[in-house]
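**Q**
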Amino acid sequence: MGINILGMGKYLPEQKLKNDDFKKFIDTNDEWIRTRTGITERPMAGWEPTWYMGKQAALAAIENAGIDPKDIGLVISCTATSDFHTPSMASVIQYETGAVNAGAFDLNAACTGFVYALDTARRFLETDESLKYVLVVANEALSRFLDFTDRSSCILFGDGAAAAVVERSSKLYSSVLGSDGSGAQLLCARTLDVAPEVAVESDFEDPFPKMPQHKLLQNGKEVYKFATNALPKSFELAAEKIGITKDDIDWFVPHQANVRIIETAAKKLGVPMDKFVITLDHYGNTSSASIPLALCEAIEKGMVKKGQKLALIGFGAGLTYGGIILEY
Ligand code: COA
């Protein structure tokens, strides 16, 4: 069983940071950022909460799908940058979009979140016949977790949201979800500290690095190495399951972290770069929102057309990776 993407929508914050704007915080320049990453500017949520961006993207997707939100049976929000530990972003978005008959939960697979969430949506549709539509929302405000004194990481990320309304279909579909938790320390941000009222002395050695407050810490070089293998692997494992090859794919929609990662993956796969949807130049890395933002933009521009075969391939903290091959 496959899925049909009925409609998509997106939301980008009003504020943008251009490469040269970072000179206010760190020793950097436009040329370094462009040549090492491919990024020129990125949207930044100056005031928008994560749930608000998700809601706006979800409303646009519902409108684009032309459905009644009362017919949505499930809302899955993927985010690594929730506004709250609880409630979930999905519960807030479920209420805000009028999806009054839907269950709702959040899913965190970091930048691979949309691949995980879309695949989860398909599995729910397969096992629960009473579900008509699932709303998948990817919403991220990375800027809240960025260490703006760390010049090798703060320039990489952007904020935004994108959403899709999906239904079951008999279209082509394959997926793979993977994780290598041995790399969990390579890209992480802490949540809550032990409350001082209950803290006790212990010999426990925490394998995770100490971090300034709750900011994102990354080992860029190791993540880079992982990413250049994870992208081709995600496609190859999903393709193998249904016996198709790279030549059957019309568009590759990769996680948008660094254009050099995508170029290396394209070379490994033997696929020309013009088959890859690239939006990171103007969005940066928006974590789980990056693949659906790229897909939504490619649909809006008329690049991706109904009936075409797509490979959505991602990687992220965890370290996670995953791929979906589907017909649009
Ligand atoms: N501006 C100017 N110089 C910078 C800089 C910046 N923003 N950031 C780092 N540098 C400097 C470094 O300090 C270093 O200087 P030095 O040689 O004097 O020590 C030099 O540039 C080279 O740094 P290096 O870390 O080797 O650069 P790189 O080519 O590996 O690029 C990343 C760094 C972070 C862009 C790259 O490793 C990367 O993209 N990694 C993957 C990160 C990622 O995708 N994360 C999200 C996963 S979902």
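Residues 6 to 333 (this note's numbering) make up the sequence shown, in order. The C-beta atom is built at its ideal place from N, Cα and C for all residues, glycine as well.
Per DSSP, glutamate 172 forms a beta bridge with which residues?
**A** Partner(s): Asn9.
**Q** Please report the distance separating the alpha-carbon of phenylalanine 162 from that of serine 292.
**A** Their Cα atoms are separated by approximately 8 Å.
**Q** Is the beta carbon of serine 93 less than 9 Å from the beta carbon of aspartate 73?
**A** Contact flag unset, no.
**Q** Rounded to whole angstroms, what is the Cα-Cα separation between serine 157 and isoleucine 44?
**A** One C-alpha to the other measures close to 13 Å.
**Q** For lysine 60, which residues in the same chain have their Cβ closer than 7 Å to its Cβ, ignoring the five residues on either side in sequence?
**A** Cβ neighbours of lysine 60 beyond the five flanking positions: Ile98, Glu101, Thr102.
**Q** Return helix, strand or coil for asparagine 24, following the three-state DSSP convention.
**A** Asparagine 24: helix per DSSP, three-state reduction.
**Q** Can you list, in chain order, the residues of its chain with a C-beta nearer than 6 Å to that of alanine 146? Leave out the 5 residues immediately preceding and following it.
**A** So the list reads Ala50, Thr55, Thr86, Asp164, once near-sequence residues are dropped.
**Q** Under 8 Å: does the beta carbon of phenylalanine 281 sit that close to some heavy atom of the ligand COA?
**A** Because no heavy atom of the ligand COA lies under 8 Å away, the Cβ of phenylalanine 281 does not count as near it: no.
**Q** For aspartate 76, tell me which candidate among Asn224, Val105, Ala262 has the shortest Cα-Cα distance.
**A** For aspartate 76, the nearest C-alpha among the options comes from Val105.
**Q** Can the beta-carbon of valine 171 be found closer than 9 Å to that of isoleucine 329?
**A** No, the pair does not count as a contact, with Cβ atoms beyond the cut-off.
**Q** For asparagine 69, count the other beta carbons within 10 Å of its own beta carbon; 16 or more makes it buried, fewer makes it exposed. Which is it?
**A** Buried, since its Cβ has 16 or more Cβ neighbours within 10 Å.
**Q** Between the stretch 202 to 216 and the stretch 174 to 188, do three or more beta carbon pairs fall short of 8 Å?
**A** Judged by Cβ distances under 8 Å, the stretch 202 to 216 makes no contact with the stretch 174 to 188, as fewer than three pairs qualify.
**Q** The ligand COA and leucine 79: does any heavy atom of the ligand fall closer than 8 Å to the residue's C-beta?
**A** No.
**Q** Go to arginine 47, then tell me how far its alpha helix (DSSP H) extends in each direction, as first and last residue.
**A** Segment 46 to 49 is the beta strand (DSSP E) holding arginine 47; no alpha helix (DSSP H) there.
**Q** Closest by CA to phenylalanine 153, which one among Gly7, Gln218, Ala204, Arg128?
**A** Taking only the C-alpha atoms, the option nearest phenylalanine 153 is Gln218.
**Q** On a Cα-Cα basis, can you pick out the residue from Ser295, Gln313, Ile266, Asn34 that is closest to leucine 22?
**A** The shortest Cα separation from leucine 22 among Ser295, Gln313, Ile266, Asn34 belongs to Asn34.
**Q** Could you check whether the Cβ of cysteine 301 sits closer than 8 Å to any heavy atom belonging to the ligand COA?
**A** Cysteine 301 Cβ: outside cutoff for every heavy atom of the ligand COA.
**Q** Could you tell me which uninterrupted beta strand (DSSP E) segments, each at least 3 residues in length, are contained entirely in the stretch 111 to 183, listed from first to last along the chain?
**A** Those beta strand (DSSP E) runs which fall completely within the stretch 111 to 183 and span 3+ residues are 138 to 146, 164 to 174.
**Q** Just grab the DSSP bridge partners of valine 258 for me.
**A** According to DSSP, valine 258 bridges with Leu317.
**Q** Any idea if glutamate 53 is buried or exposed, counting beta-carbon neighbours within 10 angstroms, 16 or more meaning buried?
**A** The residue in question, glutamate 53, is buried, as its Cβ has 16 or more Cβ neighbours within 10 Å.
**Q** Return helix, strand or coil for alanine 200, following the three-state DSSP convention.
**A** The answer is coil: DSSP assigns alanine 200 none of H, G, I, E or B.
**Q** Between the alpha carbons of cysteine 193 and glutamine 223, how many angstroms are there, rounded?
**A** Each residue's Cα considered, the two are about 7 Å apart.
**Q** What does DSSP give as the partner residue(s) for tyrosine 16 in the beta ladder?
**A** In DSSP, tyrosine 16 forms a bridge with Ala166.
**Q** Sorry if obvious, but does the Cβ on threonine 42 come closer than 8 Å to a heavy atom of the ligand COA?
**A** Yes, the beta carbon of threonine 42 sits closer than 8 Å to at least one heavy atom of the ligand COA.
**Q** Alanine 27: which of Ala126, Thr42, Cys159 sits nearest, CA to CA?
**A** Per the sequence shown, the amino acid found at residue 27 is phenylalanine instead of alanine. Among Ala126, Thr42, Cys159, the Cα nearest to that of phenylalanine 27 belongs to Cys159.
**Q** Let me know the alpha helix (DSSP H) ranges lying completely inside the stretch 224 to 308, each 4 residues or longer, listed in chain order.
**A** You should have 225 to 247, 264 to 274, 285 to 288, 295 to 305.
**Q** Check valine 105 in the structure and name its three-state DSSP category.
**A** In this structure, valine 105 counts as coil in the three-state DSSP scheme.
**Q** Following the continuous alpha helix (DSSP H) through isoleucine 31, name the residue where it begins and the one where it ends.
**A** Looking at the DSSP string, isoleucine 31 is not in any alpha helix (DSSP H), and its letter there is neither H nor E.
**Q** Which class does leucine 64 belong to by DSSP, given the choice of helix, strand or coil?
**A** Looking at leucine 64 - three-state DSSP - the assignment turns out to be helix.
**Q** Compare the Cα-Cα distances from valine 258 to each of Ile8, Ile296, Val139 and report the closest residue.
**A** If we check each option's Cα against that of valine 258, Ile296 comes out closest.
**Q** According to the Cβ coordinates, are valine 276 and isoleucine 304 closer than 9 Å?
**A** The answer is no: Cβ separation not under 9 Å.
**Q** Out of Ala204, Gly7, Lys306, Leu300, which one is the CA nearest neighbour of glycine 319?
**A** That would be Leu300, whose Cα lies nearest to the Cα of glycine 319.
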